[in-house]
Structures are given as C-alpha cells and as structure tokens.
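Enquirer:
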Amino acid sequence: MTKALTAGFFYHTARFTGNGYRTVKHQHTIHPHPNSALAEQQPRWVLYHELVFTTREFMRQVTEIEPRWLTEVAPHYYKATEIEEATRKMPKNRDVACADLEARDA
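-11 is the number of the first residue of the sequence shown in this note's numbering; add one for each residue after it.
1) Check the DSSP bridge columns for Val34 and list the partner residues they point to.
2) Check Thr(-6) in the structure and name its three-state DSSP category.
3) In chain order, what residues of the same chain have a beta carbon less than 6 Å from the beta carbon of Thr118, not counting five sequence neighbours either side?
4) Less than 8 Å between the C-beta atoms of His64 and Arg48, yes or no?
5) For Ala25, is the classification buried or exposed, using 16 other Cβ atoms within 10 angstroms of its Cβ as the cut-off for buried?
6) Closest to Trp33 by CA distance: which of Leu39, Glu45 and Gly8 is it?
7) Go ahead and pull the three-state DSSP assignment for Glu70.
What follows is the structure in structure tokens.
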C-alpha cells in the first residue's frame, strides 16, 4: 500500500538530515507537523501529502518509505545515483542527530 502511495506522490519526498528533513529534489528544509505520529520517530525517508506554512514549513499526512521505491516507481524523475548519494549523506549516528534536533527545538 505504501509503495502505491509512493507511486502517486513520488514528488513529495524528503530525507532526514539531522536538523529536520530536506526535500529530495529541491533541498528545501521541512519538518513533520507537531501533531504527526511520526514527529517523534523521525524516519530516514518520508512521503508527505501536503506542506503547511505557519511558523515553519510543516509536512502533513506523513508516512515512512524505502528510498529504493523512488527509482522503481518514478525512474523518469529519480536516478539511482542521486538516491544513493542522498542516502550516503544521512547522519551516521541518527540518535545523536535526533537529540541535537530536540535540544535545538526546546
């Protein structure tokens, strides 16, 4: 089911960077909405339905995805090399990055 959603919303993807999320194609910094169930979990790759602009740019209706799905469902939009490169740029110690993000937001 989630892979099917990825096929429909492949252009609404972001990856965790340690200080929020970055959209995959345009590198905009965005954050999960505070009411989101995934706001505390901070999965590495997400798909979102919409962005809401308030004090920050927030994602709503967020779900975790596998990055490899992007090249499977949208090879015309994503190249395997850019997804692999983005995955390599992920924080090595995600727990430290999450703690830093929480401390900054407190």
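All residues carry an ideal CB built from backbone N, CA and C; glycine is no exception.
Expert: A quick look at the data gives this:
1) Ala2 and Glu52
2) helix
3) Residue coverage of the chain in this structure runs from -11 to 94, which leaves residue 118 outside it and unanswerable.
4) no
5) exposed
6) Gly8
7) helix
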